[in-house]
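Chains as they are written, first to last, in the working numbering: chain Y, 244 to 403; chain D, 98 to 386. Virtual Cβ for every residue (Gly too), placed ideally from N, Cα, C.
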Amino acid sequence: MKIRVKINGVTREDDVEPRLLLVHYLRELAGLTGTHIGCETSICGACTVLMNGAAVKSCTVLAVQADGSEITTIEGLSGRNGQLHPLQQGFWEEHGLQCGYCTPGMILAAHQLLSRNPHPSRAEIRKALEGNLCRCTGYQHIVKAVEWAAEKVRAQAEHA
Amino acid sequence: MIPEPFEYHSPQSLEEALRLVTEFGEEGKMMAGGHSLLPMMKLRLASPRHVIDLGRLSELRYIRESDGWIEIGALTTHFQIESSSLLREKCPLLPETAREIGDAQVRNLGTLGGSLAHADPAADWPAAILALDAEIRANSAGGERWIAAQDFFVGLMTTALAPGEILTAVRLPPLPRRAGDTYLKLRQPASGFAVVGVGVRLALNEAAHIERVAIGVTGIGPKAYRAAAVERELLGKPPTARRLAEAAARAADGVQTNSDLFASAEYRKHLASVYVRRALELALERANP
Ligand SMILES: Cc1cc2nc3c(=O)[nH]c(=O)nc-3n(C[C@H](O)[C@H](O)[C@H](O)COP(=O)(O)OP(=O)(O)OC[C@H]3O[C@@H](n4cnc5c(N)ncnc54)[C@H](O)[C@@H]3O)c2cc1C
Ligand code: FES
Ligand code: FES
């Protein structure tokens, strides 16, 4: 089946099998391997991307369901000149990662949170990341990284 | 973890969807959010020949109020219910239930209609819908009918929907005066589903006695049920703390209780009474501002 998807601002057209999962579409056809596959069973959140702005687990979405949508992956967050997104910077500054496997998913789930709630409390950050598992860093640093980013986004907004 | 091959259909109207559902019969499977169906297809527990994706039927995605009744389209997502200001004001039980489902990603795609049609014994919506005395609309090529929540859940993952019927909406009667409602849940720590989930709507009369009470329970038995034994003990009585606790002890009366590694049947029975008591107390507090 023919689908048309705008990924990180670039529109693609592909002919795909209906059973192709969005995560495989992104990694194998679009070559965007920043979206990771962890559990493959809708639990870990490593495969989280934004579909029309909403965080989804791309191992539990068919590529054909994404027809006509806009997808943002971790590769789409940084600025044109390679400047890190505040969330990416926050994970760097606050040591929000060790192996980095869960990080793209964490960042996109956090991205949705900040778009819905620019002033999240720690409890709200934890609630928003419920669908994302980290097996090595521990969540303290991840929560701090998101707080750091929220602060930075606010400061940028005030500046602008 | 790749589903078996299937043909994909993406109807653009309810009419078209009904036609496809009738045409493919047993070989077709509807998909709403896909968050129960796709995991099953990936495990090959389900291998439909035709998937009929209802996801583009935006006509079934709405929350609206008319004549005091609230009507919610079947394709409305858990997140849309969680974040609805209308529901927060008129029926807090629903956003409270939505918030407890899965995680943010699941709530973005999973739908009310999909969850009810799936009728997982540990799903949250069935308990909420029972507590609200909701009615469920089923459309078929031949027309539409409304099914009372109490008649909807038939058994383990089995509902009153007939082959060829699409669940299209849920409607809820208005919250009576001096009434309160709530949903409380103990999550299975790994899956997030309900070990026990309890929805309560309770109304008081002029004398502050219990005029109406409806209690929906999920997670305990093969299907969600109304705790009728508890309701009977409470109707017409003053809601003292002691009476609530005594009645709540009957929360799993007559129910064939589930048992698994996490919670034995006995423990589940105990949890049911504790959660029913707490939910009654909270609903009472809200009815008595
Ligand atoms: C990681 C994870 C955690 C979860 N945690 C919870 C939880 O804590 N609590 C909970 O309650 N649920 C939970 N769920 C399930 C989730 O809520 C699903 O979204 C829901 O059960 C099914 O809704 P859906 O729209 O995704 O339906 P689908 O998966 O698309 O469909 C489910 C079934 O219903 C049928 N169907 C769908 N729509 C209709 C319709 N309109 N008319 C007739 N038949 C229809 C389909 O044919 C299919 O058989 C979880 C799911 C995941 C993946
Ligand atoms: S890989 Fe999708 S949730 Fe784990
Ligand atoms: S950083 Fe290793 S799993 Fe999270």
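{"Query": "Closer than 8 Å at the beta carbon, the chain D residues around ALA371(Y)", "Result": "ALA201"}
{"Query": "Cβ-based burial, THR284(Y) [other Cβ within 10 Å; buried from 16]", "Result": "exposed"}
{"Query": "Among SER312(Y), GLY333(Y) and VAL248(Y), the one whose alpha carbon lies nearest that of SER321(Y)", "Result": "GLY333(Y)"}
{"Query": "Sequence-distant residues of its chain with Cβ nearer than 7 Å to LEU377(D) (five each side left out)", "Result": "VAL297, LEU299, LEU341 and ALA345"}
{"Query": "Closer than 8 Å to chain Y by CB, GLU330(D)", "Result": "no"}
{"Query": "Span separating the alpha-carbon of LYS249(Y) from that of ARG255(Y)", "Result": "6 Å"}
{"Query": "Near-chain D residues of the region 268 to 289 of chain Y (beta-carbon distance less than 7 Å), N- to C-terminal order", "Result": "GLU283, THR284, SER285 and GLY288"}
{"Query": "Distance CB(VAL396(Y))-CB(PRO329(Y)) smaller than 8 Å", "Result": "yes"}
{"Query": "Where VAL404(Y) falls, given that 16 or more other Cβ within 10 Å makes a residue buried", "Result": "Only positions 244 to 403 of chain Y appear in this structure, which leaves residue 404(Y) out of reach."}
{"Query": "SER285(Y) Cβ short of 7 Å to ligand 5 heavy atom set", "Result": "Absence of ligand 5 from the depicted structure is noted, with ligand 1, ligand 2 and ligand 3 being the only ligands included."}
{"Query": "Any non-hydrogen atom of ligand 2 closer than 7 Å to LYS139(D) Cβ", "Result": "no"}
{"Query": "Paired residues, beta bridge with GLY170(D) - DSSP", "Result": "ALA266(D)"}
{"Query": "GLN331(Y) vs ALA201(D) beta-carbon contact at 8 Å", "Result": "no"}
{"Query": "C-beta atoms of GLY316(D) and VAL292(D) nearer than 8 Å", "Result": "yes"}
{"Query": "Residues sharing a beta bridge with THR254(Y), DSSP", "Result": "LYS249(Y)"}
{"Query": "C-alpha gap between SER110(D) and LEU263(Y), whole angstroms", "Result": "24 Å"}
{"Query": "Segment contact, 8 Å Cβ cut-off, at least three pairs: the region 371 to 388 of chain Y with the region 116 to 126 of chain D", "Result": "no"}
{"Query": "Proximity of VAL373(D) and ALA324(D) at Cβ, strictly below 8 Å", "Result": "yes"}
{"Query": "Near-chain D residues of the region 343 to 374 of chain Y (beta-carbon distance less than 7 Å), N- to C-terminal order", "Result": "ALA352, GLN355, ALA371, GLU373 and GLY374"}
{"Query": "Near ligand 2: LYS300(Y) beta-carbon under 7 Å from a heavy atom", "Result": "yes"}
{"Query": "Contact test: CYS379(Y) Cβ vs ligand 2 heavy atom, cutoff 7 Å", "Result": "no"}
{"Query": "Minimum C-alpha distance to ALA297(Y) - residue among GLU390(Y), SER358(Y) and ALA289(Y)", "Result": "SER358(Y)"}
{"Query": "Complete alpha helix (DSSP H) runs within the region 191 to 231 of chain D (minimum length 4 residues, chain order)", "Result": "201 to 206, 209 to 215 and 222 to 228"}
{"Query": "Host alpha helix (DSSP H) of GLY348(Y) (start-end)", "Result": "346 to 359"}
{"Query": "Exposure of CYS345(Y), with buried meaning 16 or more beta-carbon neighbours within 10 Å", "Result": "buried"}
{"Query": "Exposure label - THR453(D); buried when at least 16 CB within 10 Å", "Result": "With chain D covering 98 to 386 only, the question about residue 453(D) has no answer from this structure."}
{"Query": "Proximal chain D residues relative to GLU260(Y), where beta-carbon distance stays under 8 Å", "Result": "PRO102"}
{"Query": "Distance between beta carbons of ALA273(Y) and GLY281(Y), contact taken as under 8 Å", "Result": "GLY281(Y) to ALA273(Y), Cβ: 19 Å. No contact."}
{"Query": "Continuous beta strand (DSSP E) stretch holding VAL128(D): start and end", "Result": "The sequence given here places Met at residue 128(D); Val does not occur at that position. Per DSSP, MET128(D) belongs to the beta strand (DSSP E) from 125 to 128."}
{"Query": "Same chain only: Cβ atoms within 7 Å of ASN360(Y), ignoring 5 sequence neighbours per side", "Result": "GLU367"}
{"Query": "N- and C-terminal bounds of the alpha helix (DSSP H) containing ALA348(D)", "Result": "Taken as a continuous stretch (DSSP letters only), ALA348(D) belongs to no alpha helix (DSSP H), as it is neither H nor E."}
{"Query": "contact_flag[the region 238 to 255 of chain D, the region 187 to 204 of chain D] where n(CB pairs < 8 Å) is 3 or more", "Result": "no"}
{"Query": "Length of the line joining the Cα atoms of THR303(Y) and ALA403(Y)", "Result": "38 Å"}
{"Query": "Sub-8 Å separation of ILE263(D) and VAL118(D) beta-carbons", "Result": "yes"}
{"Query": "Top-ranked residue by Cα proximity to SER364(Y), from LYS245(Y), CYS342(Y), GLN341(Y) and ALA393(Y)", "Result": "ALA393(Y)"}
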